[in-house]
Amino acid sequence: MLEVVFFAVAVALVGHYLRQMSPGRPARVGAKTVSGELTQLVEYADRAYLEKKYLSAEKLYLKILKIDHKNASAYRRIGLIYSAQRKYPDAIESFQVAAHLDPSAVNYYNLGVTYYENANYIKAIAAFDKGLIFDQTPDLYDAIGRTQLNLNHPNEAVEAFEKATANPKNKQHLTHLAEAYELVGKKDLAKVTYEKILKIDPKDVKAARALRRPATV
């Protein structure tokens, strides 16, 4: 992980570059108007990001934003870099810009997750709800369920987890649902859900242990 001093420099660079971005028409990745320089920068930045060379990736994405200041993907990647380093306020700012430039389920999901990690659960729910406008994905519903639990809304959490597991193939989502059922006292539904988990993964220790627990009145 990057040293704290690197992030102090990175934050300063973000402010410096964003203040100096020209208002001209941006180049578009994948379009004929994209210069060879921008295409190469995107390739290098993405490679550095995937290799977790976050400092190098961040500098490259900032260079991209000088050329194309409406590049939502660059803002999203910078947000992910900050989030990985637990710089949540900076990550939130980046994801907000990404969602403004490219309103989509993935951008609002990233924004919501960062609010969640920053313990701002009300704003997290609002971001996830906006994401559902664009795509009602299981991950969004699961994130809403986890956030509702942190708000001490177990029944709302159950409702969200049920939607996340409408097509029950994700073991993690099913585990969240089973635990929520137990929390609200729906032991029979929890048992059925744990059984579904074991059909997906017969070696799941948590589900097997839950099914061995004696029933309580």
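Quick note on numbering: this note's numbering labels position 9 of the sequence shown as 964, and the sequence is numbered without any gaps.
Positions of the beta carbon are idealized from the N, C-alpha and C atoms, including for glycine.
query	result
Residue burial classification, Ala-1053 (beta-carbon count within 10 angstroms, cutoff 16)	buried
Exposed unless 16 or more other CB atoms sit within 10 angstroms - verdict on Glu-1006	exposed
Per-residue burial, Gln-1127 [other beta carbons within 10 Å of its own, 16 or more giving buried]	exposed
From Arg-1032, Glu-992, Asn-1026, residue whose alpha carbon lies closest to that of Ser-1011	Arg-1032
Tyr-1149 beta carbon less than 8 Å from that of Ala-1165	yes
Contact under 8 Å by Cβ, Asp-1001 with Ala-1027	no
Straight-line gap, Ala-1098 to Lys-1146 (C-alpha atoms, nearest Å)	22 Å
Under 8 Å between C-beta atoms of Leu-1066 and Ile-1047	yes
Contact set for Tyr-1076: own chain, Cβ-Cβ below 6 Å, skip 5 residues either direction	Thr-1102, Asn-1105, Leu-1106
Secondary structure of Asp-1159, DSSP reduced to three states	coil
Integer Cβ distance of Pro-1109 from Val-1061, believed to fall under 8 Å	That pair is no contact at about 28 Å.
Length at least 4, wholly inside the segment 1104 to 1156: the alpha helix (DSSP H) runs in chain order	1109 to 1119, 1126 to 1138, 1142 to 1155
Where Gly-1034 falls, given that 16 or more other Cβ within 10 Å makes a residue buried	buried
Assigned secondary structure, Asn-1075 (DSSP; H/G/I helix, E/B strand, else coil)	coil
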